[in-house]
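*Asks:* Going by the working numbering, the residue at position 103 of the sequence shown is 163; the numbering climbs one at a time, nothing skipped. We put the CB at the ideal spot given by N, CA and C, even for glycine. Source: prediction; values computed, not measured. Got a structure here, written out as structure tokens. Questions coming.
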Amino acid sequence: MLSGCAAPQSHQRETYVVRPEDTLYSIAWRHDLDFRELAKWNNIGPDFRLSVGQVLVLEPAEQTAGNRTAHSSAVAGGRAVAGSTASRPVRGGPAGPTPAPAPRGTVAGGGGAAAAGGVTGSGGGIEAGGVAGAGGGTVAGSVAGAGGAGGTATGAGGASKWLWPTEHSAPPRAVPGGGILLFGHLGQDVRAAGAGRVVYTGSGIRGYGNLIILKHADNLLSSYAHNREMLVHEGQDVVQGQIIAHMGTAAHQTSALYFEIRLNGKPVDPLKYLPGAK
């Protein structure tokens, strides 16, 4: 009789504990969420300010156990790191340990990027070669507004409005469920594929090494992973074609850039945005 009266258990929403070096953008990126939704679920203000130790929910209140793995998209900005949830698996390869972030206290919209994303069969030691359509080109004018949404890189069909982010010595290699690898030589220039604002730099997101994330519009981000050097800082506006980093190494010590585009928090095929790509 008593057991029949037991109240049903309520679904525990997935959470994340903010750590030093985290931003709202990096948390959303790590969990394939839209930063805007993540901010809304947690009543975070427009400055995207987070505090170390703050607990964030990673799904809307109405989400049930049956669909809790299908996270809504979101793209917001404060620094935060996973507590109760694991980092997203490295795309295309084994995940290495996440480096311990340096202490920072309360953070607003910064970012600690993440570890190298192992990609299988990277075809070691590929020398760079100038390939047509590489990202050298001239650039658009300065970025307007806090969102950095220069009109050069918006719209899924606007391939002619983007630039290749670097020269590549072999055809782009697609990474399942993510972006593309562009093979080159160590230290070569990495350029902004479109005008935007830097919303994350760092190595705190597992699988990406030294990572830069650019915001081109409220629903459109691009990322540049495995950099040897990063030449921009968070909050900086960049123009299309601007050199933002120098290429580092991905899996198997192969010199390569991992490039990814996300629309509403979800990865999309970068080749649909890049000129001359098939």
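Can you grab the Cα-Cα spacing for the pair Ala234 / Ile240, in whole Å?
*Replies:* Spanning the two alpha carbons is a distance of roughly 4 Å.
*Asks:* Pop quiz: His276 and Gly254 are said to be a contact at Cβ under 8 Å. What is the actual Cβ separation, rounded to whole angstroms?
*Replies:* Between Gly254 and His276 the Cβ distance is about 5 Å, and since that is below 8 Å, they are a contact.
*Asks:* Going by C-alpha distance, which of Gly244, Tyr284, Leu116 is nearest Thr83?
*Replies:* Of the listed residues, the one whose Cα sits closest to Thr83 is Leu116.
*Asks:* Where does the unbroken alpha helix (DSSP H) through Tyr85 begin, and where does it stop?
*Replies:* Run containing Tyr85: 84–90, per the alpha helix (DSSP H) assignment.
*Asks:* What are the partner residues of Lys326, as DSSP defines its beta bridges?
*Replies:* Bridge partners of Lys326: Leu323.
*Asks:* Inspect the beta-carbon positions of Ile273 and Tyr85 and report whether they are closer than 7 Å.
*Replies:* Closer than 7 Å, so yes.
*Asks:* Using the Cα positions of Tyr333 and His306, report the straight-line distance between them to the nearest angstrom.
*Replies:* Each residue's Cα considered, the two are about 22 Å apart.
*Asks:* Starting from Lys100 and walking both ways along the alpha helix (DSSP H), at which residues does that stretch end?
*Replies:* Lys100 -> alpha helix (DSSP H) spans 95–101.
*Asks:* With 16 as the cutoff for other CB atoms within 10 Å, does Pro236 come out buried or exposed?
*Replies:* So Pro236 ends up on the exposed side.
*Asks:* Considering only the alpha carbon of each residue, which of Val292, Tyr268, Leu280 lies closest to Phe95?
*Replies:* Cα-wise, what sits closest to Phe95 is Leu280.
*Asks:* At the level of alpha carbons, what is the spacing between Gly262 and Leu271?
*Replies:* Using only the alpha carbons, I get a separation of about 5 Å.
*Asks:* By alpha-carbon positions, which one of Val78, Trp89, Phe319, Ala310 ends up nearest to Gly326?
*Replies:* First, the amino acid is wrong: residue 326 is Lys here, not Gly. When only C-alpha atoms are compared, the closest one is Trp89.
*Asks:* Under the three-state reduction of DSSP, which class applies to Leu331: helix, strand or coil?
*Replies:* If DSSP states are grouped into helix, strand and coil, Leu331 belongs with the helices.
*Asks:* I need the DSSP call for His286, collapsed to helix, strand or coil.
*Replies:* His286: coil per DSSP, three-state reduction.
*Asks:* Report the option in Ser111, Pro106, Gly247, Leu110 whose CA atom is closest to the CA atom of Ile303.
*Replies:* Of the listed residues, the one whose Cα sits closest to Ile303 is Gly247.
*Asks:* Is DSSP giving His293 helix, strand or coil here?
*Replies:* The answer is coil: DSSP assigns His293 none of H, G, I, E or B.
*Asks:* In the DSSP output, what is Arg257 paired with across the bridge?
*Replies:* According to DSSP, Arg257 bridges with Lys275, Asp297.
*Asks:* Check each candidate in Pro232, Ser282, Val298, Ile104 and name the one with the smallest Cα separation from Asn324.
*Replies:* It is Ser282 whose Cα lies nearest to the Cα of Asn324.
*Asks:* Please go through the same chain and pick out, in chain order, the residues whose beta-carbon is closer than 6 Å to the beta-carbon of Gly190, but skip the five residues on each side of it.
*Replies:* Note that Gly190 has pLDDT 31, beneath the 50 cutoff, so the model's placement of it is unreliable and the number below is only indicative. Cβ within range, chain order: Glu227.
*Asks:* Thinking just about the alpha-carbon of each residue, which of Asp278, Asn102, Val78 is nearest to the one in Gly113?
*Replies:* Comparing Cα positions, the closest option is Val78.
*Asks:* Our contact map puts Glu378 next to Val258 with C-beta atoms below 8 Å; I'd like the distance itself, whole angstroms only.
*Replies:* With the chain running from 61 to 338 in the structure shown, residue 378 is simply not present.
*Asks:* Which residues does DSSP pair with Val115 in a beta bridge?
*Replies:* The partner list for Val115 (beta bridge, DSSP) reads Val77.
*Asks:* Have a look at Leu223 and Val328 and give me their C-alpha separation to the nearest angstrom.
*Replies:* Using only the alpha carbons, I get a separation of about 16 Å.
*Asks:* For Ala311, which of helix, strand or coil comes out of DSSP?
*Replies:* If DSSP states are grouped into helix, strand and coil, Ala311 belongs with the helices.
*Asks:* Here's the rule: buried if 16 or more other CB atoms are within 10 angstroms of the residue's CB, otherwise exposed. What is Asp278?
*Replies:* Counting Cβ neighbours within 10 Å, Asp278 comes out exposed, since fewer than 16 surround it.
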